[in-house]
Structure formats: C-alpha cells, structure tokens
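S.K.: All the letters of the sequence shown, read from the start, carry residue numbers 191 to 456 under the numbering used here.
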Amino acid sequence: MTGARSGRRRSEVLPVVGSAVLIALLLGTWQFAVSVLEVSSFILPAPAAVGRSLVDVVTSPGTWMHVRVTLVEVVGGFAVALAAGIATGVVLGRVPWLERATRPALVAFQVVPKVAFVPVLVIWFGFGPTSKIVMAAILAFLPIALNVLLGVRSVDKGHRDVMRGLGAGRWATFRDLELPTTLPYVFTGAEVAIVFAVIGAVVGEYLGGNAGLGFVVVRSLNALDAPRLFAVIVLLTLIGVVLHAAVATARCLAVPWHDGVVVGRR
Numbered sequence: 191m192t193g194a195r196s197g198r199r200r201s202e203v204l205p206v207v208g209s210a211v212l213i214a215l216l217l218g219t220w221q222f223a224v225s226v227l228e229v230s231s232f233i234l235p236a237p238a239a240v241g242r243s244l245v246d247v248v249t250s251p252g253t254w255m256h257v258r259v260t261l262v263e264v265v266g267g268f269a270v271a272l273a274a275g276i277a278t279g280v281v282l283g284r285v286p287w288l289e290r291a292t293r294p295a296l297v298a299f300q301v302v303p304k305v306a307f308v309p310v311l312v313i314w315f316g317f318g319p320t321s322k323i324v325m326a327a328i329l330a331f332l333p334i335a336l337n338v339l340l341g342v343r344s345v346d347k348g349h350r351d352v353m354r355g356l357g358a359g360r361w362a363t364f365r366d367l368e369l370p371t372t373l374p375y376v377f378t379g380a381e382v383a384i385v386f387a388v389i390g391a392v393v394g395e396y397l398g399g400n401a402g403l404g405f406v407v408v409r410s411l412n413a414l415d416a417p418r419l420f421a422v423i424v425l426l427t428l429i430g431v432v433l434h435a436a437v438a439t440a441r442c443l444a445v446p447w448h449d450g451v452v453v454g455r456r
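1) Rounded to whole angstroms, what's the CA-CA distance from Val453 to Leu403? Just pull it up for me.
2) Give the straight-line distance between the Cα atoms of Ala387 and Ser230, rounded to the nearest whole angstrom.
3) Spatial neighbours of Val305 within its chain, please: CB distance less than 8 Å, with the 5 preceding and 5 following residues excluded, ordered by chain position.
4) Find out if the Cβ-Cβ distance for the pair Leu329, Ile384 is shorter than 8 Å.
5) Hey, quick one: how far does the alpha helix (DSSP H) through Ser468 stretch, first residue to last?
6) May I ask you to report which of helix, strand or coil DSSP gives Leu227?
7) If distances are taken between C-alpha atoms only, which option among Leu339, Pro309, Ala327 and Phe405 comes closest to Gly267?
8) Give a yes or no on contact between the stretch 427 to 436 and the stretch 285 to 294, applying the rule of three or more CB pairs nearer than 8 Å.
9) Does the Cβ-Cβ distance between Leu234 and Val224 come in under 8 Å?
10) Around the Cβ of Arg418, are there at least 16 other Cβ atoms within 10 angstroms (buried) or fewer (exposed)?
11) Specify the secondary structure class of Leu369 as computed by DSSP and reduced to three states.
12) Given a threshold of 16 other Cβ atoms within 10 Å of its Cβ, counted over all protein chains shown, does Lys322 qualify as buried or as exposed?
13) Just tell me which of Phe232, Ser209, Ala236 and Asp415 has its CA closest to the CA of Phe222.
14) Should Ser344 go down as buried or exposed, given a rule of 16 or more other Cβ atoms within 10 Å for buried?
15) With DSSP collapsed to three states, give me the class of Val453.
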C-alpha cells in the first residue's frame with residue numbers, strides 16, 4: 191500500500207519536476223547564447239527583455255481583444271473539424287469500399303501545403319474571422335477523421351455478433367460497444383487537432399488578418415520589436431498548452447477506464 195502511494199506521488203511530481211528542469215535548461219542556454227556568445231538582441235533578445243515585454247503584452251487591454259479573436263477562431267475551427275471529422279470517420283469506417291475510393295483524395299489533402307489555402311480563403315471569406323475558422327478546421331480535420339476511422343474499424347466483429355445474438359438493437363450495440371470502443375480514438379485525434387487548430391488560426395491571421403495574435407506577431411515584426419515578438423510567441427504557446435490540457439482533461443473525464451488514462455495516472 192505504501193509502495194503504491196509512493197508510486198502515485200512520484201508519478202504526480204515527476205512531470206512537474208521534468209518540465210521545470212527543461213524550462214531551466216532552455217532559459218540557461220538562451221541566456222548563455224545572449225551573454226557569452228553575444229548573439230545579437232535583434233536575432234535573440236535576452237530572456238529578461240522578453241519577460242518585460244510579456245508583462246507589457248499581458249497587461250495591455252488591447253492584447254485581450256486579440257486573444258479573444260484568436261480563441262474564437264481556434265475553438266470555432268476545432269468544433270467544425272470535430273463534427274466533420276467524426277461524421278467522416280464513422281462513414282468511412284462503416285463503408286470500406288468508400289474509404290478505398292476516397293483514400294487517394296485524403297492522401298492528396300494531407301500532402302497539400304495548407305498555407306496555400308490562406309489566399310483562397312481570404313478571397314472567399316474576407317479578412318474577418320471566418321477565413322481563419324475555416325483554416326483552423328482544415329488543419330484539425332484530418333487527425334480526427336483518421337482516428338475515428340481507426341476507432342470504428344477496431345470494434346471487434348465477434349463482440350458485435352455476440353451483442354446481436356443476445357438480441358441487442360442497433361442503439362444498444364452503439365451505446366454499449368461501439369461508442370466505448372471509438373471514444374478514446376476521438377479524444378486522441380482531438381488532442382492533436384486542437385494544436386493544429388491553433389496553428390491554422392495563427393497562420394491565417396499572419397498571412398491575411400486584421401486582428402488576433404498572429405496579426406500582433408506581424409505588427410511586432412514590422413516594428414522590428416524582437417522582445418515583443420518573442421513575448422507574443424510565448425503567450426501563444428501558453429494558450430496552446432491550456433487548450434491541449436483542457437482536451438486531455440475532457441478525455442480523462444469521458445474515458446477514465448481506458449488504458450491510456452489509467453497508465454497516465456500511474
């Protein structure tokens with residue numbers, strides 16, 4: 191009992207300690223490059239200068255308007271991708287011939303540089319948030335669709351036959367067998383997709399936006415304000431980490447029985 195409690199305590203502390211050590215190593219290497227190697231502050235500003243700019247960015251009221259815009263675009267694109275990805279994955283998983291027929295199109299969609307879509311989306315939807323939501327959805331769609339497809343295909347045919355042999359209807363089979371089997375795959379795709387949604391929204395703002403943190407990055411670059419540029423990148427990183435943690439928490443709450451969640455708790 192004591193050993194199990196000690197193991198749990200170690201598993202809880204280890205990620206925190208590991209993250210703190212990695213951050214300390216990063217900051218130490220960063221400061222070494224600036225102080226000892228004398229890297230230009232225009233190329234790599236000192237951590238202290240970035241920290242001061244980060245405080246200025248966070249305390250500026252205008253920043254939170256841009257944060258709100260980016261969050262709306264990310265969450266909106268993620269929601270669209272989640273709905274479309276689940277529907278596509280379920281259909282392709284249940285209809286093998288359709289999956290084989292559409293596989294070349296899916297491969298082509300995967301290899302096309304998504305940045306090339308931004309000018310087209312701006313022409314179609316303008317410089318507002320709609321084009322960024324669509325861009326975020328395009329990047330986030332495929333991880334969800336492919337994972338749901340894999341989840342649907344992973345439902346054991348023998349278990350489905352047993353359910354039908356016991357007289358279970360389609361709804362009971364879906365609720366008690368197909369949904370619990372597929373749900374972990376949905377959340378696995380969602381954890382990847384939320385990161386891609388952040389990238390899609392920021393890239394859309396960077397190349398064709400008039401608001402959002404990607405637009406702030408461009409404005410800082412045009413002003414040659416390297417500390418502010420790095421500060422906005424740090425803020426974007428924190429937002430991405432929080433969104434990913436939210437999806438990971440939802441996964442733990444929705445499928446606490448899954449091996450991936452149980453092993454992570456250990």
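Where is the CB? At the ideal position from N, CA and C, for every residue including glycine.
M.R.: So, from the data block:
1) One-based indexing of the sequence shown puts residue 453 at position 263. One-based indexing of the sequence shown puts residue 403 at position 213. At Val453 the pLDDT is 49, less than 50, meaning the model places this residue with poor confidence; the figure from the coordinates comes in the next sentence. Distance between the alpha carbons of Val453 and Leu403: 36 Å.
2) By 1-based counting over the sequence shown, the position of residue 387 is 197. By 1-based counting over the sequence shown, the position of residue 230 is 40. Using only the alpha carbons, I get a separation of about 33 Å.
3) One-based indexing of the sequence shown puts residue 305 at position 115. Excluding residues within five positions, the ones whose Cβ falls inside 8 Å are Val393 and Leu397.
4) Here residue 329 is taken as the residue at index 139 of the sequence shown, counted from 1. Here residue 384 is taken as the residue at index 194 of the sequence shown, counted from 1. The answer is no: Cβ separation not under 8 Å.
5) For residue 468 there is no data in the structure shown, the boundaries of the chain being 191 and 456.
6) Here the question's residue 227 lines up with position 37 in the sequence shown. Correct three-state label for Leu227: coil.
7) The residue labelled residue 267 in the question sits at position 77 within the sequence shown. Answer by Cα proximity: Ala327.
8) no
9) For the purposes of this step, residue 234 is identified with residue 44 of the sequence shown, where counting begins at 1. For the purposes of this step, residue 224 is identified with residue 34 of the sequence shown, where counting begins at 1. Yes, Cβ-Cβ distance for Leu234 and Val224 is below 8 Å.
10) To locate residue 418, count along the sequence shown from 1; it is residue 228. Result: buried.
11) Residue 369 sits at position 179 when you count from the first residue of the sequence shown. DSSP places Leu369 in helix when its eight states are reduced to three.
12) Stepping through the sequence shown from its first residue, residue 322 is reached at position 132. Buried, since its Cβ has 16 or more Cβ neighbours within 10 Å.
13) Here residue 222 is taken as the residue at index 32 of the sequence shown, counted from 1. Checking every option, the nearest Cα to that of Phe222 belongs to Ala236.
14) On the sequence shown, residue 344 is found 154 positions in, with the first residue counted as 1. Flag for Ser344 reads exposed.
15) If you number the sequence shown from 1, residue 453 lands on position 263. The predicted position of Val453 is uncertain, since its pLDDT is 49 and thus under 50; a value taken from the coordinates is nonetheless stated next. In this structure, Val453 counts as helix in the three-state DSSP scheme.
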